[in-house]
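See structure below.
Chains as they are written, first to last, in the numbering used here: chain D, 2 to 388; chain C, 2 to 388; chain V, 2 to 388; chain U, 2 to 388.
Given below as C-alpha cells:
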C-alpha cells in the first residue's frame with residue numbers, strides 16, 4: 002500500500018514536471034519543428050499522454066472513454082503494432098489540436114489513471130506504469146533539448162530561463178584512472194528497481210587494462226582542437242564524418258557562435274561568452290572521435306565506462322562511447338507493441354553513457370544505455386577520453 | 002485632398018481586412034508551414050508590414066525608429082537588394098516573434114504611416130503607398146489560400162468559417178462565345194488607375210478566330226474525366242505532367258476525398274459532399290491541360306482571355322491559360338528593389354487570368370496577370386475551355 | 002520514280018552520316034552517359050534504327066522478322082504508346098548489346114528498309130520515311146553534342162577531330178536591323194517540303210517595331226560580361242537562374258577553363274585558347290538572358306526571329322529566344338505514337354531558332370523550332386540581341 | 002632468396018589472376034558503373050596498378066618514370082593523403098583511358114615492379130608488396146561481384162562463364178555446435194603471415210555459451226521466410242531495415258526473379274531455376290537479421306564466429322555478423338596513406354566473417370574481417386544462425 006502511494010506520487014510528480022518544463026514557453030513555441038529530429042513540445046505533451054491511454058487505460062480500465070478518437074493517429078510515435086500515424090517530419094505542420102486542448106487531454110488522462118490506480122494496482126499495471134513513467138521521463142529530456150533547439154535556432158535567440166545553468170563547472174581535478182585487466186559484470190542487476198529491456202541480461206565481459214579520465218573534455222580544450230585546424234585535417238576523421246562536416250559545412254559545435262573573433266555559446270540563459278571550463282557539449286560522435294584522435298587517445302567502450310563508473314565524475318553530459326548500440330547476449334524482445342521500444346533501433350547507432358543536465362531525477366542509472374546516430378548533436382553530448 | 006483621404010481610407014481598410022482574415026484562427030494556426038509554398042499567417046502579417054516600413058517609412062519619414070532591427074531579416078521575402086533573409090522553407094520554424102508581437106508591429110507601422118500621410122502625400126509616396134496596398138491585397142489572397150492549406154491538411158479538418166461559401170454556383174448557362182479574327186489591344190490602359198508593371202505596356206496582338214466558354218468547368222464535369230480514367234491515360238498529359246502525377250501519386254484535385262465511394266471536398270466550411278455544380282478548383286495547370294485534351298478542346302491564351310473578358314462570367318477562380326508568363330513588348334523593369342517585384346519571375350511559370358473567391362476587393366482588373374508554376378494547386382484555380 | 006530514288010539516296014546518306022559521326026570514337030566512348038541529358042552514342046545508333054523498325058518495318062513489311070525482341074525495350078526513348086523502356090538515366094549502365102551488335106542491327110534494318118522501298122513507296126510509307134530520316138538527323142545533332150560532352154568532361158580532354166572547326170568567324174560586320182511594326186506570317190508554308198507538326202499551322206502575329214542584331218554575341222563580348230562581375234550580380238538574373246548558378250556554382254560557359262589567368266575552351270579539336278571573335282556557345286537561357294540584361298537589350302521572341310531571318314547571319318548556333326515553347330494556334334497532335342513526338346513537351350521549355358555547326362544538311366529551315374529547358378548548356382547555343 | 006622468388010611468384014600470379022577474371026568480358030563491360038558501389042572493371046585494373054606505382058615505385062625506385070601523370074587523379078580511390086581524385090560515382094563516366102591503355106599501364110607497372118624486385122627486397126618493400134598483393138586480391142573479389150552486378154542488371158542477362166558454379170551444395174548435414182562459456186583469444190596471431198591492421202591486436206573476449214549452426218541458411222529455407230510473408234511483417238525488421246525495404250520496394254534477394262510463379266536466380270552462368278539447396282546469397286544485413294528473427298534465432302557476433310570457426314563449414318559466403326565493425330582494443334592506425342586503409346571506415350558498418358566463392362586463394366584467414374554497410378547486397382553474403 003505504501004508502495005502504491007509512492008508510485009502514484011512518482012506518477013503525479015512526473016506528469017507535473019513535464020508541464021513545468023513548458024512553463025517558460027509561448028504558445029507558438031509549442032508548435033514548431035525546425036528539423037525532423039526535434040518534435041514540437043505539444044507533441045511531447047500529447048504523446049506521453051497517449052502512451053498511458055493506449056497501453057494502460059484502453060486495455061485495463063473498464064468502460065474507458067477515449068478523450069478523442071483522432072489522437073491515436075496524431076500522437077503515436079513509431080509503434081507499427083498500434084496503427085497508422087503522422088509522419089515524423091510532419092509533426093510541426095499540425096496546428097491542431099491546439100495547446101489548450103492538449104493540456105485538457107493530459108489532465109483527463111492523468112485523472113483517469115489516478116482513478117484506475119485508486120482501485121489497487123495489479124503487477125501487470127504496475128509494470129506498465131513504471132514503463133509509462135520512465136517513458137515520460139525520457140521525453141522530458143527530449144523536450145528540453147528540443148526546446149533548446151527551437152529557441153537556439155531562432156534568429157532572435159530568446160532566453161528560456163535566465164536561472165538555468167546548463168554549464169556546471171567540474172568539481173574534481175583531472176586524473177587518469179587506471180583500470181585492471183579482467184572479467185567485469187555488465188548490465189542491470191537489481192530485480193527490485195526499474196530498467197529498460199536493453200540493460201538486460203547481466204553478463205560478463207573481458208576488459209584489457211585501460212586508463213580513463215575522471216573528468217570530461219572542456220570547452221577550452223575543445224577550442225584548442227578547433228584552433229589547431231581540427232576541422233580541416235581529414236586525418237582525425239572517419240570517412241563518414243569527413244563527408245558529413247564537408248557537406249554540412251560543420252566547423253564548430255552546435256550553438257557556438259564566433260562574433261568578431263570572440264566565441265559565444267547559446268544556452269538556456271541566452272547568448273553568452275563561451276565558458277572555457279565547462280564541459281564541451283552538443284558535439285556529434287564524429288567530432289568526439291576526431292577530438293580523441295587529435296589527442297592521441299580514444300573514446301571508452303560502453304563496458305569500460307560501466308566498469309569505471311564509480312571512479313569518474315559523470316552526470317552533466319551524455320558521453321559518446323566507441324560502442325555500437327547492440328543487444329546484450331541473451332537480450333530478448335518483449336512481445337507486442339512494448340517490444341518495439343528498443344530492439345528495433347539496434348543498428349546504425351552509437352551507445353552513450355552517463356546522463357545530462359536535463360536528465361530528470363529518478364531516471365538515470367549507471368547501466369542506462371542511451372543511443373543516437375553518430376551525426377546527431379542536439380543532445381547535451383560530451384567527451385570522455387581513454388588511453 | 003479628397004484623394005488623400007480616400008487613399009488613407011483604402012490603406013486603413015486594407016490593413017484591417019488582413020487582420021479580419023485571421024480572426025477565426027487559433028494562435029497555433031499562425032505559426033505552421035506545411036509546405037514551402039505556404040507561409041505561416043504571422044509571416045504574412047509581418048511581411049506586409051515590413052514592406053511599408055522598408056520602402057516608405059525608412060526612406061521617407063524623418064527620424065523614423067525601426068520597431069525591431071531584426072525584423073528586416075525575419076520578414077523580407079525575396080528582395081536581394083534589401084539584404085539577407087530567412088530561407089523561405091524555414092519560415093515555419095520560427096516561433097518568435099510571437100503573434101502578439103507581430104500585431105504590435107503591425108499597429109506601430111500602421112500608425113506611423115498614418116502620421117506620415119497626415120503631413121501630406123508627395124506623388125512618390127503616393128505611388129509607393131499604392132504599391133504597398135496592392136502588395137498587401139495580394140498577400141490577403143495568399144493568406145487565405147495558405148490558411149486553407151494549413152487547416153485542410155490537418156487530420157482533424159477544422160472549419161475556418163461555417164458561413165464562408167467558396168463554391169458559388171455559376172449564374173449563367175453554358176455557351177460558346179465566338180470571337181472574331183483580328184487585332185486586339187492588350188494591357189493596362191488607364192493612367193488614372195493602379196496596375197502592376199507586368200500589365201504594361203499596352204500593345205497589339207493578332208488573334209485568329211476562336212470560341213470561348215462563358216462558364217467554368219464544374220466539379221461534376223471534372224469528376225467525369227476522373228471516372229473515365231483521365232489520371233491513368235498518358236495521352237492527355239504533358240510528359241512533365243505525367244511524371245508529376247506518377248511520382249506524386251496524384252489522382253484527384255487537392256482537397257477532394259473519396260470516402261466509401263462518395264466524393265467530399267474540404268472547404269472553409271469543413272468537409273462536405275462535393276458540390277457538382279460548383280466550378281472545379283485546386284487543380285494544377287497539368288490537370289487543366291489534360292482535362293481540355295480529354296474534352297478535345299484547349300485552354301485559352303491570356304490574350305484570348307483578355308479580349309473576351311467582357312463576354313464571359315469570371316471572378317470565382319483563377320483560370321490557367323496556355324500562355325507562359327513573359328514580359329510584354331516594351332516591358333521595362335523599375336529600378337531598385339521594386340524592380341524585383343515581377344520581372345525576375347518571368348520564366349518557368351504560367352499566366353492565370355480572372356480572380357478568385359478570396360481575391361480582395363479593389364484589387365482585380367481584367368488586365369491583371371497572376372502567375373504560378375504549372376504544378377501548383379493550393380490556389381483557387383479553375384478551367385475555362387476554348388475551341 | 003526519280004523521287005523514290007532521291008528518297009532512298011537521302012535515307013542511305015543519312016544512315017551513313019550517323020556512322021561517320023562515330024568514326025573517331027573508341028569503343029569505350031560509345032557506352033558512357035556522364036549526365037542524364039546525354040545519351041551514349043551506341044544508344045543513338047540503336048534508337049534511330051529502332052524507330053525505322055518500329056514504325057515502318059513492323060507495321061508495313063510483310064513477314065518482317067525482328068532483329069532482336071529485347072531491343073524494343075532497350076532502344077525506345079519515350080514513347081508510352083509503344084511499351085516499357087529503359088529509364089533514361091540508366092542508358093549508360095548498359096554494356097550490352099555491344100557496339101558490334103548495334104552496328105549489325107543498323108545494317109540489318111537499313112537493308113530491310115531498302116528492300117521494302119525497292120517494291121515501291123506508298124504515300125503513308127513516304128511520310129513515315131521522311132519522319133524517320135528527320136528523326137535520325139535530329140539525333141545526329143544530339144550525337145555530336147553528346148560526344149562533345151563525353152570527351153569534354155573526361156579529365157584527359159581527348160581530341161575528337163583535329164580538323165573540325167566549331168568556331169567559325171562571323172563574316173559580316175555588326176549592324177542593328179530595323180524591323181517594321183505590323184502583321185507577319187509565321188510557320189511552315191510549303192506543302193511540298195517536310196516540316197515537323199510543331200511548325201504548323203501557318204498563322205499571323207502582330208509585331209511592334211524592333212531592332213535585331215545581324216550577328217551573334219562573341220566570346221570576347223561575353224568575357225567582358227563575366228569580367229564585369231555578371232555572374233555575381235543578381236540584378237541581371239531571373240530568380241530561377243540565380244538559384245541555379247548559386248547552387249551549381251556556375252561562373253562561366255560550359256567548356257571554358259581558366260588556367261593561370263588565361264582563358265581556354267574545349268572544342269572538338271581539344272583544349273585551345275579561347276577564340277574571342279567566335280560566337281559564344283554552350284550557355285543556358287539564364288545566361289543568355291542575364292547577358293542581354295547587362296547589355297540593356299533583350300532576346301528576340303521566336304516570331305521576331307522568324308520575321309527577320311533573311312536579314313541576319315545565322316547557322317552556327319542555336320539561338321535562345323524569349324518565347325516559351327507553346328503550340329501554334331490551330332496546332333493539332335497527330336494520332337498514335339507519332340503524336341508523342343512534339344506536343345507533350347510543350348511546357349517548361351524555351352524555343353530556340355537557327356541551327357548549329359553540328360546540324361546536319363537538309364535538316365534546317367527558318368521555321369524550325371528547337372526547344373530545351375532553360376538551364377541546359379550542352380547544345381551549341383548562342384545569343385542574339387534585340388532592342 | 003627463396004622467399005623473394007616466392008613473393009615474386011605470388012605477385013605475378015596475382016597480377017595475372019586479375020586479368021583472367023576479365024577474360025570473358027566485352028570491351029563495353031569494362032566501362033559501366035550501374036550503381037555507385039560498383040566500379041567499372043577497367044577502374045579496378047587501373048587502381049590496383051596505381052597502388053603499386055604510388056606506394057612502391059614512386060618512393061622506392063630510382064628514376065622511376067610515371068606511366069601517365071594524369072592516372073593518379075583517375076585511379077586514386079579514397080586516399081586523401083595522396084591528393085585529388087575522380088568522385089566515386091563518376092568512375093563510370095570515363096571512357097578514357099581506354100581498356101587497351103589500361104592494360105598497357107598494368108604491364109608497364111608489373112614489369113617495373115619485377116625489375117625493382119630483381120635487385121633484392123628490403124623489408125620495407127616486402128611489407129608494401131604484401132599489402133599491394135593483398136589489396137589486389139581484395140579488388141579481385143570486388144571485381145567479380147561488380148562484374149556480376151553489371152551483367153546481372155542488364156536486361157539481356159548475359160552469361161559470364163557457363164562453367165562457373167557459384168552455388169556449391171553444402172557437404173555436411175545441419176547440426177547445432179555447442180560452444181562453452183569462457184575466455185577466448187581473438188585476432189591474428191602469426192607474426193610470420195600477413196594480416197591487415199584491423200585484425201590486430203590479439204586480445205581476450207568473454208563469451209557466454211551458445212550454439213552455432215555448422216551450415217548456412219539455404220535458398221529453400223529463405224524462400225519459406227519469403228512465402229510466409231517475411232517481407233511484409235514489420236516485427237522481424239529493424240526500423241531502419243523496414244524503412245529500407247519499404248522505400249526501395251525490396252521483396253526478395255538480389256538476382257532472384259519470379260517468372261510465372263517459378264523462382265529463378267541470375268548467376269555467372271546466366272538465369273537458371275533457383276537451387277533450393279544452395280546457400281542463400283546477396284542479402285543485406287537487414288534481411289539476414291529479419292530471417293533470424295523469424296526463425297527465433299540470432300546472428301553470431303564476430304567473436305562467436307571466430308571462436309567456432311574450426312567446427313563449422315565456411316568459405317562460400319561472406320556471413321553477416323551482429324557485430325559492428327569497430328577497432329580491437331589496442332588497434333593503432335599506421336602512419337601516412339596506409340593508415341587510411343581501414344581505420345577511417347570503422348563506423349556505420351557491420352563485420353562479415355568467412356569468405357566467398359569469388360574470394361581469391363591465399364587471401365582468407367579465419368581472423369579476416371570484412372565490412373559493409375547493412376543495406377548492401379551485391380557481395381556474396383549469407384546467413385549463419387546462432388541460438
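Every residue, glycine too, gets a C-beta built ideally from N, C-alpha and C.
For residue i, which option in the options has the closest C-alpha, if you only look at C-alpha atoms?
i: residue 105 (chain U); options: U:155, U:47, U:83; result: U:47
i: residue 395 (chain C); options: C:196, C:284, C:7; result: Examination of residue 395 (chain C) is not possible in this model, given that chain C is present from 2 through 388 alone.
i: residue 98 (chain U); options: V:51, V:71, V:155; result: V:155
i: residue 276 (chain D); options: D:238, D:318, D:303, D:220; result: D:220
i: residue 397 (chain V); options: V:117, V:169, V:281; result: This structure leaves residue 397 (chain V) out entirely; chain V is present only between 2 and 388.
i: residue 216 (chain D); options: D:249, D:359, D:279, D:35; result: D:279
i: residue 326 (chain V); options: V:83, V:205, V:369, V:37; result: V:369
i: residue 76 (chain C); options: C:111, C:40, C:108, C:62; result: C:40
i: residue 198 (chain D); options: D:103, D:227, D:332; result: D:332
i: residue 329 (chain V); options: V:349, V:304, V:341; result: V:304
i: residue 252 (chain U); options: U:233, U:262, U:128; result: U:233
i: residue 340 (chain D); options: D:81, D:59, D:61, D:14; result: D:81
i: residue 349 (chain U); options: U:241, U:291, U:336; result: U:241
How should residue i be labelled, buried or exposed, when 16 other C-beta atoms within 10 angstroms of its C-beta is the threshold for buried?
i: residue 30 (chain C); result: buried
i: residue 138 (chain U); result: buried
i: residue 1 (chain C); result: Residue 1 (chain C) is absent from the model: chain C starts at 2 and stops at 388.
i: residue 173 (chain D); result: exposed
i: residue 378 (chain C); result: buried
i: residue 191 (chain C); result: exposed
i: residue 43 (chain V); result: buried
i: residue 168 (chain C); result: buried
i: residue 351 (chain D); result: buried
Cutting at 6 Å between CB atoms, please list the residues of its own chain near residue i, excluding the five before and the five after it.
i: residue 256 (chain C); result: 153, 266, 267, 283
i: residue 361 (chain V); result: 138, 141
List, in chain order, every chain U residue whose beta-carbon is nearer than 9 Å to that of residue i.
i: residue 13 (chain D); result: Neighbours of residue 13 (chain D) on chain U: none; closest Cβ ~32 Å, over 9 Å.
Since residue i and residue j are thought to touch, with beta carbons under 8 Å apart, how far apart are those beta carbons, to the nearest angstrom?
i: residue 57 (chain C); j: residue 130 (chain C); result: 7 Å
What in chain C is Cβ-close to residue i, meaning under 9 Å?
i: residue 91 (chain V); result: Going along chain C, no residue has its Cβ under 9 Å from residue 91 (chain V), so there is no contact; the nearest lies around 16 Å.
Suppose the cutoff is 8 Å on Cβ atoms and the five residues either side in sequence are ignored; what does the same chain contact list for residue i look like?
i: residue 297 (chain C); result: 388
i: residue 258 (chain D); result: 264, 265, 266, 267, 272
Going along chain U, which residues have a C-beta under 8 Å from residue i?
i: residue 1 (chain V); result: Lying before the first or after the last residue shown, residue 1 (chain V) is absent from chain V, which here runs from 2 to 388.
Going along the chain, which residues of its own chain have a beta-carbon closer than 7 Å to the beta-carbon of residue i, five neighbours each way excluded?
i: residue 35 (chain U); result: 150, 151, 154
i: residue 89 (chain C); result: 37
i: residue 186 (chain V); result: 203, 205
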